[in-house]
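Just below is one structure, and these are the notes that go with it.
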Amino acid sequence: MASFFSILLLIIIQCFHQIRAQQLENAKLIVNASSSSGKQIPDTFMGVFFEEINHAGAGGLWAELVSNIGFEAGGENDASNIHPWTIIGDKSSILVSIDRNSCFNLNKNALKMEILCNNYSCLPDGVGISNPGFWGMNIEKGRKYKVIFYVRSEEKIVLKVSFVGSDDRVKLASTDIILGIDGKSSTWKRIEHVFEANATNHNSSLQITTTRKGVLWLDQISAMPLDTYKFSLN
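Numbering (mature numbering (1 follows the signal peptide of the UniProt record, and there is no 0)), first residue to last: -21 to -1, 1 to 213.
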């Protein structure tokens, strides 16, 4: 008996859908687009709307690869928040903090790194910081990328700047930056270098590491491909 009512219900539903479909087929939509059908808009009324959702701006239309380039993500209330940057090395080899000592007056946060290890006591590739960008950097073989950052050091120090792939931590591009050789290590310096990737990895990160003991500050770390729309640069 229950199966009979179930079949009857299915028949009724099917008939209803057929009737509804026939009604929709006969529907007519009339649009009046004449100048008299709407309200006049003043010539002085202009506007642009852009909503930054899921990094549609930075990391999207603007081809910046590094997320939180100036260590300002936490604002003044949570200055220790360096997300999504991560620290390479433990507290016995490196200490990282936010220092309000940047060379930029409008964005005073700078990242302070105290390197406690030296040479062989450090990790094989050194200690430092890593940035995954916006859910992984898309680094492609043969493409060129410009990295710019500001750095200050109290003594001579060697930094290794690398794009590192997610597969076995393979370096896709890398260079060494030597600081303090001119006796002016205590002043902020703008470092700029163009990398050419030797392999492709769609989930890469940018790493800045060192194996030399000392103290240094970093700020405004940026990375962008050279072949952007209209060749806009960082």
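Virtual Cβ for every residue (Gly too), placed ideally from N, Cα, C.
Quantities reported herein were computed from a predicted structural model and do not represent experimental measurements.
In this structure, Asn110 places its C-beta atom within 9 Å of the C-beta atom of Thr65. In the structure shown, Leu158 adopts extended strand secondary structure according to DSSP, grouped into three states. Scanning Ile136, Trp41, His34, Gly107 for the CA closest to the CA of Asp69 turns up Gly107. Taking C-alpha positions only, Gly38 is separated from Ala52 by approximately 15 Å.
The segment 110 to 123 makes no contact with the segment 74 to 93, as fewer than three CB pairs between them are under 8 Å.
C-alpha of Arg131 to C-alpha of Pro63: approximately 22 Å in a straight line. For Arg169, the enclosing beta strand (DSSP E) begins and ends at 168 to 175.
Taking every protein chain shown into account, the CB of Leu44 has 16 or more other CB atoms within 10 angstroms, so this residue is buried. Residue environment: Gly17 is assigned as exposed (fewer than 16 neighbouring CB atoms within 10 Å of its CB, all protein chains considered). Gly193: member of the beta strand (DSSP E) spanning 193 to 204, first to last residue.
A residue is called buried when at least 16 other Cβ atoms come within 10 angstroms of its Cβ; Met25 does not meet this threshold and is exposed.
Per DSSP, the unbroken beta strand (DSSP E) holding Phe128 starts and ends at 123 to 132. If you draw a straight line from the Cα of Leu185 to the Cα of Lys91, it is about 17 Å long. Distance check between Tyr208 and each of Lys150, Pro21, Leu40 places Leu40 closest, using alpha-carbon atoms only.
In the assembly as shown, Ser14 is an exposed residue. Its beta-carbon has fewer than 16 other beta-carbons within 10 Å. In this structure, Ala12 keeps its C-beta atom at 9 Å or more from the C-beta atom of Lys125.
Cα atoms of Leu102 and Gly159: separation of roughly 23 Å, rounded to the nearest angstrom. Out of Ser72, Ser46, Ile136, Ser59, the CA that lies nearest to the CA of Cys96 is found in Ser72. By the criterion of a C-beta distance shorter than 7 Å, Asp78 is surrounded in its chain by Ala89, Lys91, Trp196, once the five residues flanking it on both sides are discounted.
In the three-state reduction of the DSSP assignment, Lys209 falls in the helix class.
If you draw a 10 Å sphere on the C-beta of Phe28, you find fewer than 16 other C-beta atoms in it, and that means exposed.
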